[in-house]
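Numbering-wise (the working numbering), the sequence shown opens with residue 3 and increments by one.
Where is the CB? At the ideal position from N, CA and C, for every residue including glycine.
Remarks on the structure that follows.
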Amino acid sequence: MTLLLIEKGYQLHFSDLDHSQMDIKPDVHTVRVLYRLGISAATTENEAIQAAKRFNPQFPGGVDGALWKIGRQWCNSSRPLCSQCPMRVDCAKIGV
């Protein structure tokens, strides 16, 4: 996430970096969203990292911010706002 902010904010590009090796930093939001979408098989941090690699193999860490925002704004733990979520069409709604 920090790398993305630096690249965008300062219009820099680090072409020698292997983005495919940059993972998400799993937290309660990203773990929950990946699981409910049906991309992650379990609600563990390790499985969330593996799921992000399957979901976006070219740059797994690139989805971190979006997953966090979805989890924070729509896909909350107790009362998810599925009807308003931007992922509602593609979501498996596991555990909801």
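Proximity to residue i [Cα-Cα], best of the options
i     : options                : result
Pro59 : Leu14, Gly11 and Asp20 : Asp20
Exposure label - residue i; buried when at least 16 CB within 10 Å
i     : result
Leu36 : buried
Val91 : exposed
His15 : exposed
Val65 : buried
Gly73 : buried
Leu39 : buried
Separation of residue j from residue i, as counted between CA atoms
i     : j     : result
Val33 : Ile41 : 10 Å
Lys55 : Gly67 : 15 Å
Val98 : Cys77 : 9 Å
Met89 : Ser22 : 23 Å
Cys93 : Glu49 : 18 Å
Trp70 : Ile26 : 10 Å
Val30 : Thr45 : 9 Å
Cβ pair residue i, residue j closer than 8 Å
i     : j     : result
Glu47 : Pro28 : yes
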